[in-house]
Amino acid sequence: MIIVTHELNFAKNVSNRIIFMDQGKIIEEGVPDTIFNTPQEERTKKFLKMFDGNLGYHNEN
């Protein structure tokens, strides 16, 4: 099943895999723990940083 959502807590809690897209292109994909805790792509990091670490990745710099 594919679910499209902007509710990140929901996605983190119910997903087996997360696909992060930007302007219709896949930027990063993986298991929720990896995407939220150690994102590899700069665009994913910037997006998750907007949530001040409440959903995973938070870099003090």
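For the sequence shown, the residue numbers in the numbering used here are 171 to 231.
All residues carry an ideal CB built from backbone N, CA and C; glycine is no exception.
What you are looking at is a predicted structure, and each value in this text was computed from that prediction instead of being measured.
Simplified DSSP state of residue i, which is helix, strand or coil
i: Tyr227; result: Bear in mind that a pLDDT of 47 at Tyr227, under 50, signals an unreliable position, so the number given afterwards is only what the model happens to contain. Residue state, collapsed to three classes: coil.
i: Phe221; result: coil
Through-space distance from residue j to residue i, alpha-carbon basis
i: Asp203; j: Gly194; result: 23 Å
i: Lys216; j: His176; result: 15 Å
i: Asn186; j: Val201; result: 6 Å
i: Gln210; j: Glu199; result: 10 Å
Exposure label - residue i; buried when at least 16 CB within 10 Å
i: Phe206; result: buried
i: Ile188; result: buried
i: Lys219; result: exposed
Expected contact under 8 Å - CB spacing of residue i and residue j to nearest Å
i: Ile197; j: Thr214; result: 6 Å
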